[in-house]
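Chains as they are written, first to last, in this note's numbering: chain A, 68 to 601; chain B, 130 to 416. Structure record follows, encoded as structure tokens.
Right, here's the structure in full:
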């Protein structure tokens, strides 16, 4: 094959610094992508440990293990670590690895920026995790940092603000890199509507990031000046408004939700066609639906705060706009179903994770629709029903898509096949325990259990115990993931260039493992045409 | 063959959801699966809305999950399925599955908007209580009277909830849901709550009354409740907005009395306030 000859020619250019310099000074999209993924995996287990502290305390009524203040720190830190440390960096890592390969480029457009955007993160998280050891303890006002409560933070408060500034800077740089790469580095002939959906969803995600991370930076800066410089943006006693913070925060926060889920839509749109051996149904409507979701994400923020006391017209607007999101989301679900229909399905680990995504994300969608109904939301708001909802869209949603993506592309990355049987075990354990963990939380919320409480009335004991059992089962099952990956890297059997027979896309036209610089010369029109059979 | 599979899948799903939809009569434990219907006009409307949306979701779920299961079962490579690679697009289908959801959304939004408008109609209230939240207790002031009371976690719960207290919460009556001085309101009366806070944001939530409202320092939020005349009794809730260390330990308890009992209670409270104030102003000769 032409690509093999090209790969051989690549070898001359495959020189890279050795040892630690290879990583610290890296400007290579694959090495940086790897670092992002390893970082995300590490943070996933850090955040997961915090989740297990929470679930251990909630296993039974009464306070057995931790002080309420520390419990509050755990809920806040779990969210911050998982959102900014695990899910988002994992997506940037996947973008780094896959976007140049999928659009026929040698690397990202801005490699030094790429290095910077990654290396900011360890510093940001040193600051954030360092708060666990300062007087007053880690931030305990929730990841949403609502004032005035957030302003009661001790020494951890400025550390939290600067950590968020750093994470935001990292995200913005990463997003700029993605936009510039996709806009400028596509191989000749790869026009926008030939791009794989993972690239499309990431392009829209990157625009969302550039749009809203500065908003978050602004919001936390105002918190900082309220705390240290005597301003009163959010202090009613000085003429400010604590609710304004919530508006600004959720103007960032809602697009942020889609920042975490849109790339998942992209991954699922790659995996389902591959294992259905059939092109994606309704490619263009998928692109438009993604863009519509991106747009709508900017006009629904106040549905996170229906109970703050908004004017009726505002409540109606945000209710209707929120409900509208289910239309493009529904289009996506139907398109995936139609892709499988009259296909030829097989159930390798990536497909299993994609199918679980399909089922369980839909459940999260249903509870989302319920939450949009303002009067009912007056009951659901800040209850465990909300906790169940957003974990259904984030864990079997974003996280399963990330794991599916790793199992899908790992053979391409390392040139070796992983233990599929073990990965199937990983899938079933995850899929079962995730439901044991989160489904009962719907019941708890409806029955009246508020979120973010370290102890609860005894009538909530039964389902909390079930949920905690699910949490420990789920948490420990995830150890299989690094084990499977390490085993694959060290001793996997040789993987073919196209290990999945139904796979299309430029990445599968490269040899396995992919060369250090993906496409040094652009792929030919014929290769692009073959790859673009979505 | 495939159709029966679809049907059985749908039936299974229906059962699962029916389990969730069972009204939660049981006071505790495994039977607590659903939102309480509550004891006010609004809480029942909210409950009905919740169930309506829920059944819509079940119906959509039967269709969507049925489709997924059918596709997974019927088009297996291992069963010899051959992909139809030409099936990549259908404008007609895409228009259908865009428009039908829109119609369903309209069907959901009209009753929702109606209930919302009812909720926001706080005219003609007969009694106003000012609810002020503190870290970590509630204050209730009956406007137009001198009656004011603070409501904090009951002593027994407070002892048991200390870290490694060694007290089994099961032995504490209404663990974490009991207070020293409950809010007292009359049944069959439209009571207006003016909700605010002194320090950080809290939220006042009694599930049986159908809703919660944030208590925000510097702002006053309005919410009204009208408990059915025949639903006198004791109702419990909790602070619903993270408010610091003891967020989990500032419950809300509301005693709903009949109108007559309430008047008597209020009069007694007022007399008690007067008596407490009396020695400072008047001579003891009254007695």
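For each residue, glycine too, the CB sits at the ideal point set by N, CA and C. Just so we're clear, the structure is a prediction, and the values are computed from it rather than from any experiment.
Legend entry - Stretch-stretch touch, CB-based, cutoff 8 Å, three pairs: the stretch 369 to 384 of chain A with the stretch 419 to 427 of chain A: At 8 Å Cβ cutoff, the stretches do not touch.
Inset, instruction - Could you list which residues in chain B have their beta carbon closer than 7 Å to that of residue 382 of chain A, in chain order? - result: What residue 382 of chain A touches in chain B: 245.
Inset, instruction - Confirm the yes/no value for this check: CB of residue 551 of chain A, any heavy atom of the ligand NAP, distance under 7 Å. - result: With respect to small molecules bound, the structure shown includes none, and the ligand NAP cannot be examined in it.
Legend entry - Beta-carbon neighbours of residue 179 of chain B, restricted to chain A and to distances below 9 Å: Residues of chain A whose Cβ lies closer than 9 Å to the Cβ of residue 179 of chain B are, in chain order, 437, 440, 442, 443, 446, 447 and 513.
Inset, instruction - Please classify residue 493 of chain A: is it buried, with 16 or more other beta-carbons within 10 angstroms of its beta-carbon, or exposed? - result: Its Cβ being crowded by 16 or more others within 10 Å, residue 493 of chain A is buried.
Legend entry - Minimum Cβ-Cβ distance from residue 375 of chain B to chain A less than 8 Å: The C-beta of residue 375 of chain B comes closer than 8 Å to at least one C-beta of chain A.
Legend entry - For residue 457 of chain A and residue 322 of chain A, the rounded distance between their alpha carbons: Each residue's alpha carbon lies about 14 Å from the other.
Inset, instruction - Say whether chain A places a C-beta atom closer than 8 Å to the C-beta of residue 280 of chain B. - result: No, because no Cβ of chain A sits closer than 8 Å to the Cβ of residue 280 of chain B.
Inset, instruction - Could you tell me whether the stretch 165 to 180 of chain B touches the stretch 329 to 345 of chain B, where touching means 3 or more Cβ pairs closer than 8 Å? - result: Contact holds: three or more Cβ-Cβ distances are below 8 Å.
Legend entry - 7 Å CB neighbourhood of residue 275 of chain A in its chain, flanking five on each side removed: Cβ within range, chain order: 322, 325, 326, 361 and 364.
Inset, instruction - State yes or no: is the C-beta of residue 286 of chain A within less than 8 Å of the C-beta of residue 312 of chain A? - result: Result yes, Cβ atoms of residue 286 of chain A and residue 312 of chain A sit closer than 8 Å.
Legend entry - Beta carbon of residue 431 of chain A nearer than 8 Å to that of residue 464 of chain A: At a Cβ-Cβ threshold of 8 Å, residue 431 of chain A and residue 464 of chain A count as neighbours.
Inset, instruction - Starting from the N-terminal side, write out each stretch of the alpha helix (DSSP H) that is 4 residues or longer and does not extend beyond the stretch 416 to 450 of chain A. - result: Entirely contained in the stretch 416 to 450 of chain A, the alpha helix (DSSP H) runs reaching 4 residues are, in chain order, 416 to 439 and 441 to 447.
Inset, instruction - Determine the DSSP secondary structure at residue 400 of chain A, reduced to helix, strand or coil. - result: Look at residue 400 of chain A here: in three-state DSSP terms it is helix.
Inset, instruction - Determine the contact status of residue 411 of chain A and residue 212 of chain B, defining contact as a CB-CB distance below 8 Å. - result: Yes. Within cutoff.
Inset, instruction - Give the residues from the stretch 338 to 367 of chain B that approach chain A closer than 9 Å (Cβ to any Cβ), ordered along the chain. - result: Residues passing the 9 Å Cβ filter: 339, 340, 341, 342, 343, 345, 346, 347, 348, 349, 350, 351, 352, 365, 366 and 367.
Legend entry - residue 314 of chain B: first and last residue of the uninterrupted beta strand (DSSP E) it sits in: Residue 314 of chain B -> beta strand (DSSP E) spans 312 to 315.
Legend entry - Cα-Cα separation, residue 155 of chain B to residue 560 of chain A: Since pLDDT at residue 155 of chain B reaches only 45, below the 50 mark, its modelled position is unreliable, and the value read off the structure follows with that caveat. Roughly 56 Å between the two C-alpha positions.
Legend entry - Beta-carbon spacing of residue 136 of chain A, residue 363 of chain B below 8 Å: Going by C-beta atoms, residue 136 of chain A is not nearer than 8 Å to residue 363 of chain B.
Inset, instruction - Taking only the alpha-carbon atoms, compute the straight-line gap between residue 299 of chain B and residue 378 of chain B and give it to the nearest angstrom. - result: Spanning the two alpha carbons is a distance of roughly 16 Å.
Inset, instruction - Check the Cβ-Cβ distances between residue 218 of chain B and every residue of chain A, and say whether any is below 8 Å. - result: Chain A places a beta carbon closer than 8 Å to that of residue 218 of chain B, counting this residue as a contact.
Legend entry - Cβ-Cβ distance between residue 510 of chain A and residue 161 of chain B below 8 Å: Yes.
Legend entry - Contact list for residue 287 of chain B against chain A, beta-carbon separation under 8 Å: The contact set of residue 287 of chain B on chain A, defined by CB atoms closer than 8 Å, is empty, because the minimum CB distance reaches about 11 Å.
Inset, instruction - Taking C-beta pairs closer than 7 Å, name the residues in chain B that residue 374 of chain A reaches, listed in chain order. - result: Taking the beta carbon of residue 374 of chain A as reference, the chain B residues within 7 Å of it are 332, 341, 342 and 343, listed in sequence order.
Inset, instruction - Give the residues from the stretch 301 to 314 of chain B that approach chain A closer than 9 Å (Cβ to any Cβ), ordered along the chain. - result: Cβ contacts with chain A come from 301, 303, 304, 305 and 306.
Inset, instruction - For residue 159 of chain A, collect the residues of the same chain with a Cβ closer than 7 Å to its Cβ; drop the 5 residues on either side in sequence, then sort them by chain order. - result: Cβ neighbours of residue 159 of chain A beyond the five flanking positions: 103 and 241.
Legend entry - Reduced DSSP secondary structure (H/G/I, E/B, other) of residue 173 of chain A: Note: residue 173 of chain A maps to coil in three-state DSSP.
Legend entry - Min CB distance residue 450 of chain A to chain B below 8 Å: Under the 8 Å criterion on CB atoms, residue 450 of chain A is classed as interfacial with respect to chain B.
Legend entry - Terminal residues of the alpha helix (DSSP H) in which residue 292 of chain A lies: Counting along the chain, residue 292 of chain A sits inside the alpha helix (DSSP H) bounded by residues 264 to 295.
Legend entry - Stretch-stretch touch, CB-based, cutoff 8 Å, three pairs: the stretch 306 to 319 of chain B with the stretch 339 to 351 of chain B: Verdict: no, contact absent.
Legend entry - residue 153 of chain B at chain A interface by Cβ criterion, 8 Å: Note that residue 153 of chain B scores a pLDDT of 43, beneath 50, so its modelled location is shaky and nothing firm can be said.
Legend entry - Beta carbon of residue 157 of chain A nearer than 8 Å to that of residue 469 of chain A: In this structure, residue 157 of chain A sits near residue 469 of chain A, with a CB-CB distance shorter than 8 Å.
Legend entry - Residue from A/265, A/544, A/533 and A/101 with nearest C-alpha to residue 353 of chain A: Ranking A/265, A/544, A/533 and A/101 by Cα distance to residue 353 of chain A puts A/265 first.
Inset, instruction - Just the C-alpha distance for residue 187 of chain A and residue 525 of chain A, rounded to the nearest angstrom, thanks. - result: Between the alpha carbons of residue 187 of chain A and residue 525 of chain A lies a distance of about 45 Å.
Legend entry - Per-residue contacts from residue 389 of chain B into chain A (C-beta, under 8 Å): Chain-ordered listing is empty here: chain A has no CB closer than 8 Å to the CB of residue 389 of chain B, the nearest sitting near 30 Å.
Legend entry - Beta carbon of residue 356 of chain B nearer than 8 Å to that of residue 429 of chain A: Against a cut-off of 8 Å, the Cβ pair of residue 429 of chain A and residue 356 of chain B comes out as no contact.
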